[in-house]
Amino acid sequence: METLFTGLITSKLRIKILMRLFLNTERHAYLRELAEEFDSSPSQIKSELDQMREADLLTSRKNGRQVLFSANTKHPVFNELHSMVKKALGMDRILDSIIMRLGNLQKAILVDDYAKGKDSGIIDLVLIGDIDKQNLLDLTIKTERYIKRKIRTLVLTPEEYEKLNNQWLNRPFLILWECERASSTPAVS
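In terms of the working numbering, the sequence shown opens at residue 52 and continues consecutively.
This is how it looks when you write it as structure tokens:
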């Protein structure tokens, strides 16, 4: 996985953990969950998590017998790391392309793997508004080449989104962008 962090951070496992926990800071992870996801031993994951927690990059809390880890949003370099993760995954390019050229976009939502911070190679986006679908296809193809990941889009009108709003409650999501005038549309929580 060649990213913005390669060379800066020598541990590939640490890069994966950063990507996983710093993209969507609402998400958290258990040690065994990360070990399974990254196909690594729990001891390797624990070592990385301990080092990152020691550096105060991660917070942890007990949940029964398990420990939940998440990004420390109060760390002095949190904003920079969060921004770097978004750039490494190409989110900045996707947003710039989509917002500027698609017509009347009201909301852009990242769902599933990438919303969890998992770099699966397929980015799922839900776009709400009056979208120029031909322009979207063209932008998607160009952006995929640039970020070396596939992009799947679901375009909904505000009315369709409102009807399906409850569907998003059980899926990981991250609101990437929302038009200020779209605030009358119910937000996914």
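Where is the CB? At the ideal position from N, CA and C, for every residue including glycine. Note that this is a predicted model, so its numbers are computed, not measured.
Taking a cut-off of 8 Å on C-beta distances, the segment 167 to 182 touches the segment 67 to 76, as three or more cross pairs fall below it. Annotation: Gln95 to Leu176 spans about 32 Å, alpha carbon to alpha carbon. Per the coordinates, the alpha-carbon of Val136 lies some 33 Å from the alpha-carbon of Glu210. In the three-state reduction of the DSSP assignment, Leu108 falls in the coil class. Contact check between the segment 112 to 122 and the segment 77 to 87: three or more CB pairs, one atom from each, fall below 8 Å, which counts as touching. Secondary structure of Thr124 (DSSP, three-state): coil. Straight-line measurement puts the Cα of Phe224 at about 9 Å from the Cα of Glu77.
Scanning its chain for C-beta atoms nearer than 8 Å, with the 5 sequence neighbours on each side dropped, one finds around Arg222 the residues Val162, Asp163 and Ala166, in chain order. Ranking Leu100, Lys138 and Asn217 by CA distance to the CA of Thr194 puts Lys138 first. For Gln157, the enclosing beta strand (DSSP E) starts and ends at Gly154 to Val162. Setting aside the 5 residues that flank it on each side, Asp181 is surrounded in the same chain by Gly154 and Asn155, each with a C-beta closer than 6 Å to its C-beta; the list follows chain order. A straight line joining the alpha-carbon of Thr110 with that of Arg200 spans about 30 Å.
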